[in-house]
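*Asks:* Those sequence lines, one after another, are chains V and C. Heads up: the first sequence begins at 1 in my numbering, then just goes up one per residue. Heads up: the second sequence begins at 466 in my numbering, then just goes up one per residue. Backbone N, C-alpha and C define an ideal beta-carbon position, used for all residues, glycine too. Remember, predicted model here, so these are calculated numbers, not experimental data.
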Amino acid sequence: MTPDDSFNSSVARPKSTSFDFEQLIFEDRVHQCIYTEEAIFRAEMNKVFGGVWVFLAHESQIPENDDFVTSKLGLRPIIVVRDSTGRIRALYNRCTHRGSTVCRQHQGSAKSFSCPYHGWSYFNSGKISGVPWPDGYADDFSDPKYNLAQVPRVQSYRGFIFGTLNPDMPPLEEYLGGVKKPLDEWLDRHPGGTLSFCDANRLKFNGNWKLLYDNSADGYHVIFSHRSLLAMENRLVEGGEEDKGMSYYKSSPDNAPFYVKVFENGHHYKDKRPAVDTSPGGLWNIEGPHPGMEHYEAMIREKLGDKAGSILDLASSEPVNINVFPNLHILGNHVQVSQPVSLTETDTTWWGTAVIDDKDELHGCVDAVNALRMRTQESFPNFGELDDLMNFEQIQTGLAGVEDEWVYMHRGLGIPDRIKRDTDGYLIGPPTDEVFLRETMQVYKQLMMSEPNLIIEREVDAGLD
Amino acid sequence: MQHDPSRTSYYVGDDFYQSLVDSYTDWQTDESEIIDPALRDTCRMLLEKEARMLDQNRLDDWLSLYVPECLYWVPATPHGGDPRTEIAVCFDDRRRIEDRIYRLKNEFAWSQQPLSRTARLISNVGAFSTEDKNTLMIRSTFLTTEFQAGDKRTYTGWYGHKIGFQDGNWKILVKQVNLIDCDQNLRNLSIIL
Ligand code: FES
Ligand SMILES: [Fe+2]
């Protein structure tokens, strides 16, 4: 379906708020009101969540035709469905009659959705398929306005499904830009260059969604916010150096060999691989303790000898943070998705990922790798993220002191030769610098000063005879 | 070779997972329900003691109620799921429980500064026999209220305890915690349920 033969309609445009973002976002600081003002949050739910490409779901959640999973685009309830012809769509979960949701299950398989309120039903293409007692309508339902609304642009990149309501957004791959490279590398370490979602650690915090994005490439907080985690992971280390987990942050990370890199459109990347031994088995060696670790390691080593190291690495956390603005984060083996709930409430879902090994590249060890991988992935959400989330909540609490206006993010700013450009022109800085945050805030500022023309789409012909 | 499960985790392997999944499949049958009031009371006392120790933050005493090769399991799916292929909210072997306790005692665990206060109610205790007369399963319903950092919240669900008679005592082999909202986003679940 092209925009020409579909039914497009402008939805209410986000009105300019009375806030002047030129006076709220500076290079070194931002005004606290961007975290505390309801009107700004409302505008974000259009200008950011809707105005740019937003992660909606992963293809492994809807492997077969007719599979669906519910999601959100900002606050809009969405059904991401692989329709009966195999096309992936993002339908508004909103009955065209009087507005009820038509799908109330989180995940499943359905050729059609029937509204529980008065029974209007829709094919999973979004076309209306029936209304009870149609003779009671003078209308013959041939107007496509009764088909479910849908996100007009839905595109996937290597299994990751995104949607935008903005016809002026460049294609998804162009929007992702430089961040595709680390994403490719992260995927390509797995057999077949793919993986599947396998349930999640689901967390939430009472704070604004941006507090999470602000943290996502922050290497400054690690040894403070995660002090208890670092101590815990190293409590059994004897004699030698404490090297488990993120211990590489402990000595002068400003001068460490790892770095943060800033891409276009608010995406960024913290690459900690230069800080660790990445030869086969190197990642596994710095894993903290996990359930079943010694059992499966012994089993895999006995079975595979020299080849064991690289296979154990697949059960280990990849030391990267790949952040795709505004709501997708890849870190370790997790796909972390953040979801604004309200101005001061955010859900963060840490999807676990499992290795798929159709070609037996892991020599019969895939089940063992996944059994390990489940346990390695449970560690950080339990013992690391909770402390960050508490700190985000406490920022939200602190920002209630509204007369103290500024939030500073100037670490690294103004120091000659500290921030460099790579050969592609992307900024690179020490992992402890806030350069990623400053750059993201400039992207955010431009978005908040823009007036995107958000549209929805509907299937063009009516489904009802 | 003897392994110390506080230091190494050799016992969490395929056999352990399989027997775990088997133990937690179709175990609450009318036929296996235990009528004997004395035995049921023994079960109830064990659960109440556990709740008391947790409420009093006596975490080492609490762990002494467990066998060395134990498990604390909070599934992320309402039917328990298969922990080999699904992430759980918590899936702690002995060493990871000790990690958890270590962290809770660490003054830099910000999610527990200040420490939560909790009050646990346990009710509807039912005991079920297994093929091994020295192993019982217990189902109970819990309501735990937590107060922390100015906020009061509740956790609700049911426990599935697997207990074994060893050296003259009933000890806990596995504690499965089935939250009614286990598949929802949860705020600061940093206490032991
Ligand atoms: S609201 Fe859906 S049929 Fe009336
Ligand atoms: Fe963190």
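Just mark V:V337 as buried or exposed, buried being the case when its beta carbon has 16 or more other beta carbons within 10 Å.
*Replies:* Buried: at least 16 other Cβ atoms inside 10 Å.
*Asks:* Mind listing the chain V neighbours of C:T542? Cutoff is C-beta to C-beta under 9 Å, in chain order.
*Replies:* Within 9 Å Cβ-Cβ: D199.
*Asks:* Would you grab the beta carbon distance between V:S196 and V:A354 for me? Rounded to a whole angstrom, and I think it's under 8 Å.
*Replies:* 5 Å between Cβ atoms; contact.
*Asks:* Determine whether the Cβ of C:Y620 lies closer than 7 Å to any Cβ atom of chain V.
*Replies:* No, no contact with chain V.
*Asks:* Count the C-beta pairs between the region 103-110 of chain V and the region 61-75 of chain V that are closer than 8 Å, then say yes if the count reaches three, no if not.
*Replies:* The region 103-110 of chain V vs the region 61-75 of chain V: in contact.
*Asks:* Which term fits V:V39, buried or exposed, when burial requires 16 or more other beta carbons within 10 angstroms of its beta carbon?
*Replies:* A small correction: the amino acid at residue 39 of chain V is Ala; Val does not occupy that position in the sequence shown. It counts as exposed.
*Asks:* Using 7 Å as the threshold, is the C-beta distance between C:R618 and C:D520 below it?
*Replies:* Not a contact, by the Cβ cut-off of 7 Å.
*Asks:* Per the contact definition of three or more C-beta pairs closer than 8 Å, is the region 303-314 of chain V in contact with the region 258-273 of chain V?
*Replies:* Counting Cβ pairs under 8 Å, fewer than three are found: no touch.
*Asks:* Does the beta carbon of V:R467 fall short of 6 Å from some heavy atom of ligand 1?
*Replies:* It is not possible to answer for residue 467 of chain V, since the shown part of chain V is limited to 1 through 465.
*Asks:* Could you compute how far the alpha carbon of V:S489 sits from the alpha carbon of V:Y122?
*Replies:* A question about residue 489 of chain V goes unanswered here, because the residues of chain V that appear run from 1 up to 465.
*Asks:* Would you mind sorting V:L362 into buried or exposed? The rule is 16 or more other CB atoms within 10 Å of its CB.
*Replies:* Burial call: buried.
*Asks:* Chain V partners of C:I656, CB-CB under 9 Å?
*Replies:* The premise fails here: C:I656 is roughly 11 Å from chain V at the closest Cβ pair, so nothing lies under 9 Å.
*Asks:* Can a CB atom of chain V be found closer than 7 Å to the CB of C:W538?
*Replies:* No, no contact with chain V.
*Asks:* At a cut-off of 6 Å, is C:D480 close to ligand 2 when judged by its beta-carbon and the heavy atoms of the ligand?
*Replies:* No - ligand 2 has no heavy atom lying nearer than 6 Å to the Cβ of C:D480.
*Asks:* What are the start and end residues of the alpha helix (DSSP H) that includes V:V285?
*Replies:* The amino acid at residue 285 of chain V is misidentified as Val; the sequence shows Asn. Unbroken alpha helix (DSSP H) run through V:N285: 282-285.
*Asks:* In angstroms, rounded to a whole number, what distance separates the CA positions of C:Y567 and V:E233?
*Replies:* C-alpha separation (whole angstroms): 10 Å.
*Asks:* For V:H226, collect the residues of the same chain with a Cβ closer than 8 Å to its Cβ; drop the 5 residues on either side in sequence, then sort them by chain order.
*Replies:* Answer for V:H226: M246, G384, D387, D388, listed in chain order.
*Asks:* If we define contact as Cβ-Cβ less than 7 Å, is C:S484 a contact residue for chain V?
*Replies:* No, C:S484 does not count as interfacial toward chain V.
*Asks:* Taking C:D616 as part of the alpha helix (DSSP H), name the residues at either end of that continuous run.
*Replies:* Taken as a continuous stretch (DSSP letters only), C:D616 belongs to no alpha helix (DSSP H), being part of the beta strand (DSSP E) at 616-631.
*Asks:* Candidates V:A138, V:T85, V:V54: which alpha carbon is nearest V:R76's?
*Replies:* It is V:V54.
*Asks:* Throw me the rounded Cβ distance for the V:V443 and V:F325 pair, which I believe falls under 8 Å.
*Replies:* Contact flag correct, Cβ pair sits at about 7 Å.
*Asks:* Who are V:K420's beta bridge partners in DSSP?
*Replies:* Paired residue(s): V:I428.
*Asks:* Tell me whether V:D214, by its Cβ, gets closer than 6 Å to a heavy atom of ligand 2.
*Replies:* No; taking the cut-off as 6 Å, the Cβ of V:D214 has no heavy atom of ligand 2 nearer than that.
*Asks:* Taking Cβ to Cβ, would you say V:Q32 is nearer than 7 Å to V:R89?
*Replies:* Cβ distance not < 7 Å, so V:Q32 and V:R89 don't count as in contact.
*Asks:* Looking only at its chain, what residues have a beta carbon closer than 7 Å to the beta carbon of V:Y426, apart from the 5 residues adjacent to it on each side?
*Replies:* These residues qualify, in order along the chain: G178, K261, V262, F263.
*Asks:* Give me the Cα-Cα distance between C:S484 and C:T490, rounded to the nearest whole angstrom.
*Replies:* If I take the Cα positions, the gap works out to 10 Å.
*Asks:* Classify V:W133 as buried or exposed, calling it buried when 16 or more other Cβ atoms lie within 10 Å of its own Cβ.
*Replies:* Result: exposed.
*Asks:* With distances taken from each beta carbon to the nearest heavy atom of ligand 1, which residues come in below 5 Å, in chain order?
*Replies:* Residues flagged by the Cβ proximity filter: V:C95, V:H97, V:R98, V:S100, V:C115, V:Y117, V:H118, V:W120.
*Asks:* Label C:F649 either buried or exposed according to how many other C-beta atoms from any shown protein chain fall within 10 Å of its C-beta, with 16 as the threshold for buried.
*Replies:* As written in the sequence, residue 649 of chain C is Gln, which differs from the Phe given in the question. Classification of C:Q649: exposed, given that the 10 Å Cβ count is below 16.
*Asks:* Assuming contact is defined by CB atoms lying nearer than 7 Å, are V:T346 and V:W209 in contact in what I supplied?
*Replies:* In contact: V:T346 and V:W209 (Cβ atoms closer than 7 Å).
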